[in-house]
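Engineer: Just passing along the structure, written as structure tokens.
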């Protein structure tokens, strides 16, 4: 099976839809947003910084967000993402 990293066009489309959601559905809620950047084990994978740029995450200033490099097939990075999300939820409770 041939695996490919995310296509930049797809990332831009996801970023556009993310901005629409952030403006409407969750605009007034300070919810943490976790992104799993899957297939980061591939040689030509985009960096987390590049993914952030393509998704225009710098425009999300009122919510904590995190990109977690991951490899879903091996389970790498998944626990780190869940830990970050748990920390964010716990911080909101205090």
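In this note's numbering, the protein residues as written are 138 to 231. Heads up, the beta-carbon is just placed ideally off N, CA and C, and yes, glycines get one too. Computed from a predicted model, the values in this text were never measured in an experiment.
Whole angstroms are fine: how far does the CA of residue 221 sit from the CA of residue 210?
Structural biologist: Numbered from its first residue, the chain shown carries residue 210 at position 73. Numbered from its first residue, the chain shown carries residue 221 at position 84. Approximately 20 Å, taken between the alpha carbons.
Engineer: Can you have a look at residue 179 and say buried or exposed, based on whether 16 or more other CB atoms are within 10 angstroms of its CB?
Structural biologist: Looking up residue 179 in the chain shown gives position 42. Classification for residue 179: exposed.
Engineer: Go through its chain and collect everything with a Cβ distance to residue 189's Cβ below 8 Å, but skip five positions before and after it.
Structural biologist: Counted from its first residue, the chain shown places residue 189 at position 52. Counting only Cβ-Cβ distances below 8 Å, and skipping sequence neighbours, we find 195 and 204.
Engineer: Quick one: Cα of residue 192 to Cα of residue 149, how far?
Structural biologist: Locating residue 192 in the chain shown gives position 55, counting from the first residue. Locating residue 149 in the chain shown gives position 12, counting from the first residue. Residue 192 and residue 149: Cα-Cα distance of roughly 6 Å.
Engineer: From the DSSP output, in three-state form, read off residue 224 for me.
Structural biologist: The sequence position of residue 224 within the chain shown is 87, counting from 1. Here residue 224 sits in helix by DSSP.
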